[in-house]
Structures are given as C-alpha cells and as structure tokens.
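Peer 1:
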Amino acid sequence: SSRNLVRKMVDRLSAVGFTATVAVEIEATAFEESIHEARTRGYRDLTPLGGGAGTAYHLAKSKDWVEYMSAVAARFDEVGIAWEAWSDEDAAGQVELNLAPGDPITVADAWARTRQIMREVAFERGHTVTFMAKPTAGYGQASHINLSLQRDGANVFYVEDGPSETMLRAIGGLLATMEGNTSIVLPQITSYRRLVDLSGPPVTVTWGIRNKTTAVRAVCGHPKQSRLEYRLPGADANLYLALAGVLAGVIAGVERKIEPPEPVGM
9 SSRNLVRKMV DRLSAVGFTA TVAVEIEATA FEESIHEART RGYRDLTPLG GGAGTAYHLA
69 KSKDWVEYMS AVAARFDEVG IAWEAWSDED AAGQVELNLA PGDPITVADA WARTRQIMRE
129 VAFERGHTVT FMAKPTAGYG QASHINLSLQ RDGANVFYVE DGPSETMLRA IGGLLATMEG
189 NTSIVLPQIT SYRRLVDLSG PPVTVTWGIR NKTTAVRAVC GHPKQSRLEY RLPGADANLY
249 LALAGVLAGV IAGVERKIEP PEPVGM
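With my numbering, you'll find the sequence shown wraps up at 274, consecutive numbering, no jumps.
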C-alpha cells in the first residue's frame, strides 16, 4: 500500500523527533474535447481549453477555461478540500493548483481527491483533463513537493542566516537518494520527455538557494516559509510513493548526517 509507505516514513520521522509539513503543486492541461472524443482521436490534435495563450499568473486564457477552474474550486469547497490558489500556467490550456499545506497523509489524500474532481468536472462540462508530464509540445507538467520539518512546533529549517544544519542534512539525503528515487517520481516514458535543458525541469542532481533550475530549491530566512522544494516529480507521479521517497531521503540525510555539495547559484 503506497499510503502505508507514507505512514511508515512519517512514523520513522517521528522517531527521530520531527514532524513534516508538505505541500504539492498540481499541474494539469484541459482540452475542449470530451474524453470520448479524445480517445477516438488517439489523444492527438486536441484543442487546449482557453485558447492558445499561455502566460504564468496572468490569466490570459479565455472565459471557458476560467469557468472550468471556477467550477473545480466550487466543488473543492463543497467536499471540504482546503486549497490556496489556482493560476494560469505557461502552456496553452495549462493550470497550476495549490492545495493547503498539511501533514503528508492529509495532503496526499487531498491530491488524489483533487485529481478525481478535476476529471469529473471536465467530464460534466464536455471537456477532458490530463496529468501527463508532457501532453503537448509545450511546457511539461510537474508535481513539485514542498517540505519543512518541525520540532515542538518550530520550523527547524529556519535560522536567520540559513540554511540550518538540519536543512543541509535533509538536502544531502535528498541528493544522495535522488538517483534511486528517479524511477518513482518519473514513472512513465513521457516523464523523461519533460526534462529539457533550461526549460524549467531539473536535469542535474543539484541544489541551490532560491534557484529554480536545480533539483532541490532551498527557501531560507523566514521562520514560517523556510522549506525545501523537490522539483523532480512529474505530474504523472503517484504522490504517495513520491512523498515516501522524499521523506526517506530526508530521514537518511538527518540520521546519517549527510552533507550536501556546494549550492549552485543562479
């Protein structure tokens, strides 16, 4: 059970004195065609919902795309899924949806329900939505995982002149286990088509402070917002397995005191 794997990692983390707060960025692409028509076409030459515009955070897509996402958000409120925001992403028809941070099991459960709701709402409106890592020739789609550790309610990744020692060891563990974790967080052929140099996805086993070109991005200097962003997983990853792998890497780094290499600058 992938869900129980996450629970085992949460329990192991607790045994060394920590709890984890995680968040996931869900990226998807919606198309005008229904799922039946998409299947008939072999999922080729589909029409992005909202037109050909793709501009991050600008809401440049047309009204039909906005109406779809508004209906999705309304369904979240109906069933009690806590969410923070949704926004335009770079590719035509693409959206990024941010669920509220929480403990790993709660967030993974919300992730699974969210994807199902997005499919159901698309079906009801005669559209379809995909979570493939590379559904079109445009930008790919990710499942970036954000993570922080707490002890007695305090964020142990935070120090004023961060990263903290615990954050550095967590980074060391994530990088040391990244090669083995790749087949888990990049599970499909199209997962690897997403990995294109200088286009957003990481293609090196690296970390950096505020550097979105690296596989692990460290956000430092704020008592609440200090965290690590694990940027490798594609949108097609099973979040339960991905979280289990990420937490295992963090645990390995903390328990074995693994030091990371030098950070990569912008």
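Note that the Cβ used here is the ideal one computed from N, Cα and C, for glycine as well.
Count the other CB atoms, across all protein chains shown, that sit within 10 Å of the CB of Tyr238; report buried if there are 16 or more and exposed otherwise.
Peer 2: Buried, by the Cβ-count rule.
Peer 1: Kindly indicate which three-state DSSP category Ser95 falls into: helix, strand or coil?
Peer 2: Note: Ser95 maps to strand in three-state DSSP.
Peer 1: Quick one: Cα of Arg49 to Cα of Ser151, how far?
Peer 2: Their Cα atoms are separated by approximately 27 Å.
Peer 1: Is it true that the CB of Thr185 sits closer than 8 Å to the CB of Leu157?
Peer 2: Going by C-beta atoms, Leu157 is not nearer than 8 Å to Thr185.
Peer 1: Throw me the rounded Cβ distance for the Leu21 and Ala31 pair, which I believe falls under 8 Å.
Peer 2: About 16 Å separates the two Cβ atoms, so there is no contact after all.
Peer 1: Among the residues of its own chain, which have a CB less than 7 Å from the CB of Ala250, if the five just before and after it don't count?
Peer 2: Ser151, Ile153, Ile192, Val193 and Pro241, listed in sequence order.
Peer 1: For a test of your reading of the model: does the CB of Thr114 fall under 7 Å from any non-hydrogen atom of the ligand GDP? Yes or no.
Peer 2: This structure lacks the ligand GDP, and indeed carries no ligand of any kind.
Peer 1: According to DSSP, what are the bridge partners of Trp215?
Peer 2: Paired residues: Val224.
Peer 1: According to DSSP, which residues form a beta bridge with Glu173?
Peer 2: For Glu173, which the question treats as bridged, DSSP gives no partner whatsoever.
Peer 1: I need the DSSP call for Pro56, collapsed to helix, strand or coil.
Peer 2: Residue state, collapsed to three classes: strand.
Peer 1: Give a yes or no on whether the C-beta atoms belonging to Thr212 and Lys142 are separated by under 8 Å.
Peer 2: For Thr212 and Lys142, no; Cβs fall outside 8 Å.
Peer 1: Mark Pro306 as exposed unless 16 or more other C-beta atoms lie within 10 angstroms of its C-beta, in which case mark it buried.
Peer 2: Since the first residue of the chain shown is 9 and the last is 274, residue 306 is not available in this structure.
Peer 1: Run through the DSSP bridge pairs and tell me what Gly253 is partnered with.
Peer 2: The partner list for Gly253 (beta bridge, DSSP) is empty, contrary to what the question assumes.
Peer 1: Give a yes or no on contact between the segment 126 to 142 and the segment 161 to 179, applying the rule of three or more CB pairs nearer than 8 Å.
Peer 2: Touching, no, given that fewer than three Cβ pairs across the two stretches are closer than 8 Å.
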